[in-house]
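Here the structure comes first, spelled out in C-alpha cells, and everything after it is commentary.
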Amino acid sequence: MTPGGTFVARRIVPALLAQIVVLVLAGLLVTHPPFGLWDRREPTVVSWLAEHRSPWLDRASGWVSAVGFTPAIVTVTAAAMLALVLAGRPRRWREALFVGGAVAAEALVFVTAAALVDRHRPEVVRLDGALATSSFPSGHVGAATALYGALAIIALRSAKGRRRLVPVGVLLACLVPLLVAASRLYRGMHHPTDVVAGLLNGAAVLWIMSTLLEPERPPAATSAPEAGADGTADGSRGTEERANRRAMVVSNPAVTGPAVLNEVLAVLAAHGYRETRLAETDPDDLGRSAAARAVADGFPLLVVCGGDGSVTACAQALAGTRTALAVVPCGTGNLLARNLGLPTSPARALAVALDGAPRRIDLALAEGDGIEPTLVGAMAGIGLDAAVMADTGRDLKQRLGWAAYVVGIVRHLRDRKMRLAVTLDDGATFHRRAAMAVVGNVGSLQGGVRLLPEAEPDDGVLDLVLLQPRGFLGWSAATLRLVTGRQGRPEPDTRPGEPHQDGRRAQPVRRSLEHFQGRRITLVTENASPRELDGEPVGDGRRLCLTVRPGALLVHAPADGRPDRTADTAPVPLAATNPAAEARTHTVGAGG
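Last residue of the sequence shown: number 592 in the UniProt record's numbering, and the count goes up by one each step with no gaps.
The following block contains the structure:
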C-alpha cells in the first residue's frame, strides 16, 4: 500500500469500527427498549400500512423497493464507476473509488450489525417473503443512501456553472432513499427504526468515505539543494546559513513516541538544523513555558509534536515574536496542521512545512466568564462540539483517533438547543436557538469537511457557523451540505426583525447552517453551556468572546502557490485595538 493509502486507511478503518459499535448499540437498545418505549408504537405503524394496501401501491412499492435490491445496487455502482474511470481524469478516479468504497463500506457495516443485532421482521404479511438477514438495520435503505448519496455528492461537486445538476443531486440524495424507506415499511419488511438506522448508516458511511475525494498531496523533496540567496549556482552561502540553524522541539509524550521523535530530528538534520534542544509537555503545562524559553534564548524555530492543545499552548508564547512555529501533527484533531495543508504523517508534515516559506497567520483572543484570556489558533465553540470534546476520554481517542468523537456526537444529538445572543463587532445583537456555535480561524474538519467554507487563517477576520437543525430532515440537510461543501450563497446582512435595504422586514431564519464573519464575535447563552478552545474543554459558562489578532503567529507552511497576504516576518504588536474599525462583517452563506 502506498503511503497515501496507508494514511487514508488509518482515517477510514477506525471510523468504520466506531460506526459499527454505535449501530450495534443502537440496535440492542431498540430490540431491548427501556420501559417498553417502542413495544407498542412500532408494530402499530407497520400493521396500519399492511391493512391499507392496494394493488397499485403493491406494484409501485415493488418497483421502488427494487432500487435498493442487491442486483440493482451492484449494477448501478459498477456502471457509475466505469463511467467515472473512463473519464480519464485523476479526480474522476477518486470519485469512482468513493462510490465503490461507500457501497462496500455500507455493506460491511450492515452485515456486521445485522448479524449481531438479529432482529425479527414485523409480524405482518411480508410482500417480499422471508429474507435471511436481520430486520435491523435496513440494508436496502442503507445501500440506496450510500449509492445515490455518493452520486449526489459527485453531481453537486460538478455543478459549478451547471445549475441543472443541482436538482439532480438533491433528487438522488434525498428522494430516492426516502422512497425506498417508505416502500420497505409499506411492504412489511422493516420496522420504522430499521429504516431510520439504514438512512443513518448510509449517511455516516458517506461522511467517512468522503476522505477518498481529497487529492493526495505529494511528498516534498527534502534532499535537493536549494539555490542560494546570494545568486550562486550551488547556493554555498545559503548552505552555510543552513548549517547553523537552531531549533527547539517540544513533544507531548502521551502522543509522541521515541520513533516519531527520532524521525523529527532526522528531518531537522536534513534541513540543516545542527543544534536542537528537546523539551516535553506535562498535564499542567502543554508547552507554553518551553516556547517562552525558545523565544528568550533566540531560537528561530519551535517544532511542536502534539495535538491542537499543545499547539495552542505554544502559540501563546510565540505570538508577536520572530520565532516561527512548525506543527508536527500527533494528536486527534490536528486542525491547524490540517488547514495548513500538512500531511498526516509526522515526519512528512515537518519536511513539507520546512520546505515551504514562513508566513504569518491570525490568532483569536478568547475571553469569557471563568476563562483566562487565551489565544486560539484553530476553532472555539459552545454547545454540542464542546460537550462532545468534554465527554471523549483520552484512552478512547488514542484507540480510535478522531472517530472516537462519533460516540459523543450520538450521545448529545438530543441535547436541548441553546438560546443564543450573537453580536458581530459593534453591530446589533441578534438571537438564535442553536445546537452549537463555532468560531474559527480555519475552516476544515477531519475528512475534508468544510465547516467554515470562507475561513482562511490569514484573512484578518473570524468566521462563525451556527448549527440549528430542526428534526431528522434538518440534521440530514446539514450533514449533506457539510459533506458536499455547498453551504449556500451569501445572504444580505439582516437579522430577524431588522429591515432590508428596501424596507422589508427580515424573516426568522429556518436554515440548518448559518455563516457570518467579524473581527470580534460575542456569544452569550441563556444558561451555562459547555465551551471549548482548540478542542480543549474550558468549563461551562454563558459567555464566549473572540477577537481576531491579525498576523500574530509566524508559521512554516507548505509552498502551495497561494499568495501570502502576510509574508512580512516582523513581529506584530498585540496591543488591544478596536476591532470594529474597518470592520468587515456580513453573512457569508447559509443553508439547510
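Beta carbons: idealized from backbone N, C-alpha and C, even for Gly.
Quick caveat, the model's predicted, so the values are computed rather than measured.
Going by Cα to Cα distance, which pick from A72, A390 and H190 is closest to L533?
Counting from one through the sequence shown, the residue named residue 533 turns up at place 533. Per the Cα distances, A390.
Exercise for the section: Determine the closest residue to V249 out of L301, A155 and R59, with distance taken between C-alpha atoms. Expected result: As a first step, residue 249 must be located in the sequence shown, where it is residue number 249. Looking at the Cα atoms, L301 is the closest of the given residues.
- Task: Could you spell out where the beta strand (DSSP E) holding H140 opens and where it closes?
- Result: As a position in the sequence shown, residue 140 is number 140, starting the count at 1. It is not in any beta strand (DSSP E) - H140 instead sits in the alpha helix (DSSP H) that spans G139 to R157.
Practice problem: Measure the alpha-carbon distance for M189 versus M209 and round it to whole angstroms. | Solution: Sequence index remark: in the sequence shown, residue 189 carries index 189 (1-based). Sequence index remark: in the sequence shown, residue 209 carries index 209 (1-based). Going by the C-alpha atoms only, they are around 28 Å apart.
Worksheet item: In angstroms, rounded to a whole number, what distance separates the CA positions of G68 and A478?
Response: Within the sequence shown, the letter at position 68 stands for residue 68. Within the sequence shown, the letter at position 478 stands for residue 478. Taking the straight line from one Cα to the other gives about 24 Å.
| request: Look at the alpha carbon of A18 and the alpha carbon of F110, and state the distance between them as a whole number of angstroms. | output: By one-based count along the sequence shown, residue 18 stands at place 18. By one-based count along the sequence shown, residue 110 stands at place 110. Going from the Cα of A18 to the Cα of F110 covers about 13 Å.
Between F430 and P137, what straight-line distance do the alpha-carbon atoms span, to the nearest angstrom? The residue labelled residue 430 in the question sits at position 430 within the sequence shown. The residue labelled residue 137 in the question sits at position 137 within the sequence shown. Roughly 42 Å between the two C-alpha positions.
- Query: At which residue ranges does the stretch 80-126 contain complete alpha helix (DSSP H) runs of 4 or more residues, listed in the order of the chain?
  - Reply: 90-117
- Query: Does DSSP put D285 in a helix, in a strand, or in coil?
  - Reply: Taking the first residue of the sequence shown as 1, we reach residue 285 at position 285. It is a strand residue.
For residue 594, report the span of its alpha helix (DSSP H) as first-last. With the chain running from 1 to 592 in the structure shown, residue 594 is simply not present.
Q) Of the residues A421, V538, S134 and A144, which one's Cα is nearest the Cα of T31? A) Walking along the sequence shown from the start, residue 31 turns up at place 31. Looking at the Cα atoms, S134 is the closest of the given residues.
inquiry  = Pairs of beta-carbons, one from the stretch 415-425 and one from the stretch 433-445, closer than 8 Å: are there three or more?
reply    = yes
*R338 versus P283: straight-line alpha-carbon distance, rounded*: For this step, residue 338 is matched to residue 338 along the sequence shown. For this step, residue 283 is matched to residue 283 along the sequence shown. For R338 and P283, the distance between alpha carbons rounds to 24 Å.
request  = Express the C-alpha separation of S529 and residue 595 in angstroms, rounding to a whole number.
outcome  = The structure shown does not extend to residue 595, since the chain spans only 1 to 592, so no value can be given for it.
What are the residues that DSSP puts in a beta bridge with E526?
-> Within the sequence shown, numbered from 1, the residue matching residue 526 stands at position 526. Answer is none; E526 lacks a bridge partner.
Legend entry - Residue range of the beta strand (DSSP E) that includes V264: Residue mapping note: residue 264 aligns to position 264 of the sequence shown, counting from 1. Looking at the DSSP string, V264 is not in any beta strand (DSSP E); the run it does join, the alpha helix (DSSP H), is P258 to A270.
- request: Enumerate in chain order the residues of its own chain whose CB-to-CB distance from residue 593 is below 8 Å, with the five nearest sequence positions on each side excluded.
  value: No information on residue 593 is available, as it lies outside the stretch 1 to 592 that the chain covers here.
Using a 10 Å radius around the Cβ and a threshold of 16 neighbouring Cβ atoms, would you call S54 buried or exposed?
Counting from one through the sequence shown, the residue named residue 54 turns up at place 54. Classification of S54: exposed, given that the 10 Å Cβ count is below 16.
field: Which of helix, strand or coil DSSP assigns to A26
entry: Translated into positions along the sequence shown, residue 26 becomes position 26. Helix at A26.
Check your understanding: Are the beta-carbon atoms belonging to T523 and I382 less than 8 Å from one another?
Key -> Looking up residue 523 in the sequence shown gives position 523. Looking up residue 382 in the sequence shown gives position 382. With the sequence shown as reference, residue 523 is identified as Leu, and Thr is not the correct amino acid for it. Closer than 8 Å, so yes.
With the cut-off set at 8 Å, would you say H556 and G368 are in Cβ contact?
By 1-based counting over the sequence shown, the position of residue 556 is 556. By 1-based counting over the sequence shown, the position of residue 368 is 368. Cβ atoms of H556 and G368: not closer than 8 Å.
Q: In angstroms with no decimal places, state the Cα-to-Cα distance between residue 593 and L318.
A: Not covered by the structure: residue 593. The range shown for the chain is 1 to 592.
**Q.** Residue-level contact to chain B via CB, T281, 8 Å cutoff
**A.** No chain B is present in this structure, which holds just one protein chain.
### Query
In or out: P346 buried (at least 16 other Cβ within 10 Å) or exposed?
As a first step, residue 346 is located in the sequence shown; it is residue number 346 there, counting from the start. By the 10 Å Cβ count, P346 comes out buried.
- So what's P469 in DSSP terms, helix, strand or just coil? Numbered from 1 along the sequence shown, position 469 holds the residue referred to as residue 469. DSSP places P469 in coil when its eight states are reduced to three.
Original post:
Exposed or buried, P71, counting other C-beta atoms within 10 Å across all chains shown (16 or more means buried)?
Top reply: The residue you call residue 71 lines up with position 71 of the sequence shown. Classification of P71: exposed, given that the 10 Å Cβ count is below 16.
Quick one: measure Cβ to Cβ for A143 and G27, integer angstroms, because I've assumed they're closer than 8 Å. Taking the sequence shown and counting its residues from 1, one reaches residue 143 at position 143. Taking the sequence shown and counting its residues from 1, one reaches residue 27 at position 27. Actually they are not in contact, since the Cβ atoms of A143 and G27 sit about 17 Å apart, beyond 8 Å.
Q) Going by C-alpha distance, which of V465, L464, N441 and H140 is nearest E456? A) By one-based count along the sequence shown, residue 456 stands at place 456. Measuring from the Cα of E456, the nearest candidate turns out to be N441.
Q: Sort out for me which residues DSSP pairs R278 with in a bridge.
A: Counted from its first residue, the sequence shown places residue 278 at position 278. Contrary to the premise, residue 278 reads as Leu rather than Arg in this sequence. BP columns for L278 point to V249.
Take D385 and list the residues in its own chain whose beta-carbon comes closer than 7 Å to its own, dropping the five residues that flank it on each side.
Locating residue 385 in the sequence shown gives position 385, where the first residue counts as 1. For D385, where only same-chain residues beyond five positions count, the Cβ hits under 7 Å are M436, V438 and E532.
(request) Starting from L451, follow the beta strand (DSSP E) in both directions and report where the run begins and ends. (result) Residue mapping note: residue 451 aligns to position 451 of the sequence shown, counting from 1. Run containing L451: none; DSSP gives neither H nor E here.
Beta carbon of L342, beta carbon of V352: below 8 Å?
For the purposes of this step, residue 342 is identified with residue 342 of the sequence shown, where counting begins at 1. For the purposes of this step, residue 352 is identified with residue 352 of the sequence shown, where counting begins at 1. Their beta carbons are under 8 Å apart, which means L342 touches V352 by this criterion.
* DSSP beta-bridge partners for A380? -> Numbered from its first residue, the sequence shown carries residue 380 at position 380. Beta-bridge pairing links A380 to V439 and L533.
Euclidean distance between Cα positions of L363 and E536
Translated into the one-based positions of the sequence shown, residue 363 becomes position 363. Translated into the one-based positions of the sequence shown, residue 536 becomes position 536. Cα to Cα, L363 sits roughly 16 Å from E536.
Check your understanding: From T112 to V125, what distance separates their C-alpha atoms?
Key -> Numbered from 1 along the sequence shown, position 112 holds the residue referred to as residue 112. Numbered from 1 along the sequence shown, position 125 holds the residue referred to as residue 125. About 27 Å.
> Quick one: Cα of A349 to Cα of A115, how far?
Replying inline: Here residue 349 is taken as the residue at index 349 of the sequence shown, counted from 1. Here residue 115 is taken as the residue at index 115 of the sequence shown, counted from 1. Approximately 41 Å between the Cα atoms of the pair.
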